[in-house]
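K.L.:
Chains E and F supply the protein sequences, listed in that same order. Quick note: to get my numbering, add 284 to the position in the first sequence (first position is 1). Quick note: to get my numbering, add 878 to the position in the second sequence (first position is 1).
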Amino acid sequence: MEEWRFIDFGLVDIRDMMAMDEAILKGDEGNTFFFWTPRKSIILGYFQKADVELDLNQCKDYTITRRISGGGIAFSDDRCRQINYGVVGTIDNDRFPLDIIGSYKQVCGVLIDTLIEYGLNAAFRPINDVTVDSKKISGNAQTRWEGKLLQNGTLLLDFDIEEMLRISNIPKEKFMDKKISSIREGLTWVDRELGEQRNMEEIQNLMKRKFEERFNVRLKTGTLSAKEKELTKSLLPKYHSDEWVYR
Amino acid sequence: MDEAIKPKQGLHKSKGGLIRSFVKTENGIIKDISISGDFFMFPEDAFFRMVQELQGIHAIREDIERKIQEIYIKEKIQSPGTFPADFAESIMKALEV
Chain E
285 MEEWRFIDFG
295 LVDIRDMMAM
305 DEAILKGDEG
315 NTFFFWTPRK
325 SIILGYFQKA
335 DVELDLNQCK
345 DYTITRRISG
355 GGIAFSDDRC
365 RQINYGVVGT
375 IDNDRFPLDI
385 IGSYKQVCGV
395 LIDTLIEYGL
405 NAAFRPINDV
415 TVDSKKISGN
425 AQTRWEGKLL
435 QNGTLLLDFD
445 IEEMLRISNI
455 PKEKFMDKKI
465 SSIREGLTWV
475 DRELGEQRNM
485 EEIQNLMKRK
495 FEERFNVRLK
505 TGTLSAKEKE
515 LTKSLLPKYH
525 SDEWVYR
Chain F
879 MDEAIKPKQG
889 LHKSKGGLIR
899 SFVKTENGII
909 KDISISGDFF
919 MFPEDAFFRM
929 VQELQGIHAI
939 REDIERKIQE
949 IYIKEKIQSP
959 GTFPADFAES
969 IMKALEV
């Protein structure tokens, strides 16, 4: 059976992680599936503006960076109950479709298969969301480079809506209660759906197995290559720079 | 964009994401424009050329949409769920008094 690389980066600084993310896409080490756990942080989508999206005075204790793919803010609170994953795959029109929505659907299928295993009513909602009973539980973002795709996404195990609103650039007091209830209706997380806290590693292991089944491969644990490490080093200043984050 | 004068934000939600525009005009011509949001566009860097090319054109929907369509063709842009008309709509909302 074909072997693809698997890496678990563990708890990371998101600036380092976004540099490694780009390095895996632009390196040459074959298809890769990886996990990481972000510390308290905010990752802006490629087309977002920090001062438009965020109340920057409220974000002083957050690490903020930007990723190379579009989409919205990936917000991580200090509960660290989020599974963040990345997939780099060669677009072959089979396992990784050329069609953008088709390829989102394929990769998001790993999350859906995982959630279904827990008895949840998970589905793909185009363009890039996974839902449980029509509530968003996972956001995903994709970019492409020289015939390869990079998809990042997050599976919420727990989520602090109040904290997200506190740092967002929305009029506060006046709409706070209304916002919280409307977000609660549109968003959900695994702990809430299951009514209990499941072990994060257990869910990650199940995701790995569902990935192997869906792509018909065996995941082999590996590390970054020397070339990827070099590339990461050269990309790091960008992810730390104000020019990139606050452009 | 000059922060001293905060223009009105034009918000438009396309199927592919929220588009936020800020536009400054002079004599009906777009002088300064900023677009951001949580949409997707491939190739990503074509976006900045698109925004740049909107400066200097007439601030009317037809001209804005035609210009964006031209850039989409020239740059071979794909933006799932977001269309040139969506960007034009966001810009028009920013221009509303």
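All C-beta atoms in this analysis are idealised placements derived from N, C-alpha and C, irrespective of residue type, glycine included.
1. Looking at the strands, I want to know which residues DSSP matches up with residue 917(F).
2. Name the chain E residues that come within less than 9 Å of residue 919(F), Cβ to Cβ?
3. Quick check: what's the CA-CA separation for residue 881(F) versus residue 340(E)?
4. Tell me the DSSP bridge mates of residue 369(E)?
5. Contact between the region 425-445 of chain E and the region 369-385 of chain E: three or more CB pairs below 8 Å?
6. With a cut-off of 8 Å, does the C-beta of residue 892(F) fall near any C-beta of chain E?
7. What does residue 959(F) touch in chain E if you count any residue whose Cβ is under 8 Å from its own?
8. Which residue comes first and which comes last in the alpha helix (DSSP H) that contains residue 575(E)?
9. So with Cβ pairs under 8 Å, would you call residue 308(E) a contact of chain F?
10. Please compile the residues from chain E whose C-beta is within a distance smaller than 7 Å of the C-beta of residue 915(F).
11. Which stretch, first to last residue, makes up the beta strand (DSSP E) that contains residue 408(E)?
12. What residues from the region 364-393 of chain E come within 8 Å of chain F, judged by C-beta to C-beta, listed N to C?
13. What first and last residue would you give for the alpha helix (DSSP H) that runs through residue 904(F)?
14. For residue 330(E), does the count of other Cβ atoms within 10 angstroms reach 16, so buried, or fall short, so exposed?
15. Pull the bridge partners of residue 892(F) from the DSSP assignment, please.
16. I'd like the span of the alpha helix (DSSP H) that includes residue 517(E), first residue to last.
17. Between residue 922(F) and chain E, is any beta-carbon pair separated by less than 8 Å?
18. Counting only the same chain and skipping the five closest in sequence on each side, list residues whose C-beta sits under 6 Å from that of residue 318(E).
19. What is the DSSP secondary structure of residue 881(F), reduced to helix, strand or coil?
20. If contact means a Cβ-Cβ distance below 9 Å, which residues of the region 924-938 of chain F contact chain E?
21. Just to make sure I have the definition right: I need the residues of chain E whose C-beta is within less than 9 Å of the C-beta of residue 944(F). Which are they?
22. If we ignore side chains and look at the alpha-carbon of each, how far apart do residue 924(F) and residue 892(F) end up?
23. For residue 347(E), which three-state DSSP category applies?
24. For the putative contact between residue 426(E) and residue 387(E), defined by C-beta atoms under 8 Å, what is the C-beta separation to the nearest angstrom?
25. What does DSSP give as the partner residue(s) for residue 941(F) in the beta ladder?
26. Run the CB neighbour count on residue 516(E), radius 10 Å, all protein chains shown included, and call it buried at 16 or more, exposed below.
27. For residue 960(F), which residues of its own chain have a beta-carbon under 8 Å away from its beta-carbon, when the five flanking residues on both sides are left out?
28. Mind pulling the chain F residues with CB within less than 8 Å of residue 427(E)?
29. In three-state terms, what does DSSP make of residue 465(E)?
P.N.:
Quick answer:
1. None, per the DSSP bridge assignment.
2. 330, 331, 354
3. Interpretation of residue 881(F) is limited by its pLDDT of 47, a score under 50 that renders its predicted location unreliable; the figure taken from the coordinates is listed afterwards. Each residue's Cα considered, the two are about 15 Å apart.
4. 319(E), 437(E)
5. yes
6. no
7. 410, 411
8. An answer regarding residue 575(E) cannot be provided, because it is not within the stretch 285 to 531 covered by chain E.
9. no
10. 331, 332
11. 406-409
12. 384, 385
13. Where residue 904(F) is concerned, there is no enclosing alpha helix (DSSP H), although the beta strand (DSSP E) it sits in stretches over 895-904.
14. buried
15. 895(F)
16. 510-524
17. yes
18. 291, 370
19. Note on residue 881(F): pLDDT 47, under 50, position unreliable in the model; no value is reported.
20. 925
21. Neighbours of residue 944(F) on chain E: none; closest Cβ ~22 Å, over 9 Å.
22. 19 Å
23. strand
24. 7 Å
25. Answer is none; residue 941(F) lacks a bridge partner.
26. buried
27. 892, 893, 894, 895, 897, 917, 918, 919
28. 920, 922
29. helix
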